[in-house]
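*Asks:*
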Amino acid sequence: MAFYRAMGQLPRQRHTALRTSEGGVFYEELMGEEGFSSDSSLLYHRGLPSAISDAKPWEFARALDTEPNHPLLPRHLKLHDLFPEGETGVDVVKGRRLVLGNGDVRLSYVVADAPSPWYRNGIGDECLYVERGAARVETVFGSFDVAEGDYLIVPRATTHRWLPVTKGDEGFTEPLRVYAIEGNSHISPPKRYLSRFGQLLEHSPYCERDLRGPQGPLLAEDIGEQEGEPTEVYVKHRGTGAGSSGGIVGTIYTYPYHPLDVVGWDGCLYPYVFNVADFMPITGKVHQPPPVHQVFEGHNFVVCNFVPRKVDYHEDSIPVPYYHSNVDSDEVMFYVDGDYEARKGSGIGKGSVSLHPGGHAHGPQPGAYENSIGVTEFDELAVMVDTFRPLELGEGGRAVDDGKYAWSWVGGR
Numbered sequence: 020m021a022f023y024r025a026m027g028q029l030p031r032q033r034h035t036a037l038r039t040s041e042g043g044v045f046y047e048e049l050m051g052e053e054g055f056s057s058d059s060s061l062l063y064h065r066g067l068p069s070a071i072s073d074a075k076p077w078e079f080a081r082a083l084d085t086e087p088n089h090p091l092l093p094r095h096l097k098l099h100d101l102f103p104e105g106e107t108g109v110d111v112v113k114g115r116r117l118v119l120g121n122g123d124v125r126l127s128y129v130v131a132d133a134p135s136p137w138y139r140n141g142i143g144d145e146c147l148y149v150e151r152g153a154a155r156v157e158t159v160f161g162s163f164d165v166a167e168g169d170y171l172i173v174p175r176a177t178t179h180r181w182l183p184v185t186k187g188d189e190g191f192t193e194p195l196r197v198y199a200i201e202g203n204s205h206i207s208p209p210k211r212y213l214s215r216f217g218q219l220l221e222h223s224p225y226c227e228r229d230l231r232g233p234q235g236p237l238l239a240e241d242i243g244e245q246e247g248e249p250t251e252v253y254v255k256h257r258g259t260g261a262g263s264s265g266g267i268v269g270t271i272y273t274y275p276y277h278p279l280d281v282v283g284w285d286g287c288l289y290p291y292v293f294n295v296a297d298f299m300p301i302t303g304k305v306h307q308p309p310p311v312h313q314v315f316e317g318h319n320f321v322v323c324n325f326v327p328r329k330v331d332y333h334e335d336s337i338p339v340p341y342y343h344s345n346v347d348s349d350e351v352m353f354y355v356d357g358d359y360e361a362r363k364g365s366g367i368g369k370g371s372v373s374l375h376p377g378g379h380a381h382g383p384q385p386g387a388y389e390n391s392i393g394v395t396e397f398d399e400l401a402v403m404v405d406t407f408r409p410l411e412l413g414e415g416g417r418a419v420d421d422g423k424y425a426w427s428w429v430g431g432r
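Residue numbering for the sequence shown follows the working numbering, starting at 20 and increasing by one per position.
1. Could you give the first and the last residue of the continuous beta strand (DSSP E) run that contains residue 286?
2. Give me the residue from 239, 28, 33 and 71 with the minimum Cα distance to residue 272.
3. To which residues of the same chain is residue 261 closer than 6 Å at the C-beta, ignoring the five residues directly before and after it?
4. Could you tell me the alpha carbon to alpha carbon distance between residue 220 and residue 75, rounded to whole angstroms?
5. Okay, do the segment 224 to 235 and the segment 279 to 291 touch, 3+ Cβ pairs below 8 Å being the bar?
6. Apart from the five residues just before and just after residue 380, which ones in its own chain have a Cβ nearer than 8 Å to its Cβ?
7. Give me the Cβ distance between residue 28 and residue 282, rounded to the nearest whole Å; I'm assuming they're in contact under 8 Å.
8. Relative to the C-alpha of residue 306, which candidate in 65, 340 and 419 has its C-alpha closest?
9. DSSP state of residue 77, grouped into three classes?
10. Below 8 Å, how does it come out for the segment 47 to 58 and the segment 147 to 158: are there three or more Cβ pairs, yes or no?
11. Given that a residue counts as buried once 16 or more other Cβ atoms are within 10 Å of its Cβ, and exposed if not, what is residue 433?
12. Which word fits residue 353, buried or exposed, when buried means at least 16 other C-beta atoms lie within 10 angstroms of its C-beta?
13. Check residue 256 in the structure and name its three-state DSSP category.
14. Do you know offhand how far residue 411's Cα is from residue 116's?
15. Identify whether residue 36 lies in helix, strand or coil by the three-state DSSP scheme.
16. Look at the alpha carbon of residue 204 and the alpha carbon of residue 144, and state the distance between them as a whole number of angstroms.
17. By alpha-carbon positions, which one of 73, 425 and 350 ends up nearest to residue 124?
18. For the alpha helix (DSSP H) holding residue 418, just list the boundary residues, first then last.
19. Less than 7 Å between the beta carbons of residue 402 and residue 225, yes or no?
20. Would you mind stating whether residue 202 and residue 120 have Cβ atoms separated by less than 7 Å?
21. Excluding the 5 residues preceding and the 5 following residue 30 in the sequence, name in chain order all residues of the same chain whose CB lies nearer than 6 Å to its CB.
22. I think residue 270 touches residue 77, with their Cβ atoms under 8 Å apart; what is that distance to the nearest whole Å?
23. Do you know offhand how far residue 46's Cα is from residue 238's?
24. Hey, how far is the Cα of residue 438 from the Cα of residue 348?
25. Just curious, the beta strand (DSSP E) that residue 324 is in, first and last residue?
26. Which runs of the alpha helix (DSSP H), 4 residues or longer, sit entirely within the segment 354 to 416?
27. For residue 145, name the three-state secondary structure that DSSP assigns.
As structure tokens, this is what we get:
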């Protein structure tokens, strides 16, 4: 995200000493992408960023392996069934259940009520959509207060933790529900919406004013913790073989100090928040293709959102999507709110995920195509991920597959 920010204490020039009040130095860390050839930030630490006092394996509570979608079927996955009402002690990091995944992206879901450990993803960026509830997210860059409709983009290797707001506190009537999109790459705004210098252009459906940066820097004593207290950080990283985790393994580092020791930072690489309510939908005289709904992209996948909007204004337009074959992609739709005109009669509702795989022609349910003629507005909210390699089913997806969606166009079987 090439949008410069500066916070806290900084020396006048980079790679020069930043002195403590006692005459010592703070330790500079360059956090950068693509081997010194892309966006980066400089962070100034009280302690040595590389100092660890222990390391042990992180044994995942649930397997991260996947199974092929074979025979090739469209599927309906009921995510709200993954976490029974009343289940407690679940956090956003360790409690995620893998729904779908491939070598480029993994889609998980979690309903959390407990603080997470300190965590960083050493594989790729994360895009986390808050379906319901609220949380405070503390990072080495600063903190965020996130709530319903927020996307939080967390750059690879950013140390952070999630602190859910308790259901019932501050007016929140639902627990924290998070849809996690984990890339094996970086996640950014679509290139076609960026100038050659990285500014969001006039035809983009959002701009820099819509992005919330971290409030910080944030130090350990600011949150009532001890700076010199040994602290565990959970790290997700690549393994040497597939095994039961699909080539992903974890390590728990112990640092001799608290991770919130950054006194200042500047640069163009940092976490940020975008709320889906600030997305300006692009509409037309006839039905517009899915790329107009795009909000982010990673390597071999894109993220789109479908928001409440006025629809096509040609007198004979058909507002719901035309039937289409995903020749090069798998399409995953997470249904968040509203009425889904194209899916009426399929059993899909809030909390559902539909998977329409490449090689399968799909479109509206029977009757929806004709009944949409004359409709002027859609009241719907959904997050879509399109991938350019086939998706496989994770343990979470297998657990909540309704087993009958594939036959919904012929009235079941």
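Backbone N, C-alpha and C define an ideal beta-carbon position, used for all residues, glycine too.
*Replies:* In short:
1. 281 to 286
2. 71
3. Annotation note: pLDDT 48 at residue 261 (below 50); position unreliable, coordinate value reported separately. Here the set comprises nothing.
4. 46 Å
5. yes
6. 342, 343 and 344
7. 5 Å
8. 340
9. coil
10. no
11. No answer is possible for residue 433: it lies beyond the span of the chain, which begins at 20 and ends at 432.
12. buried
13. strand
14. 14 Å
15. coil
16. 6 Å
17. 350
18. 414 to 418
19. no
20. no
21. 37
22. 6 Å
23. 15 Å
24. The question about residue 438 has no answer, for the chain in this structure spans 20 to 432.
25. 320 to 325
26. 387 to 390
27. strand
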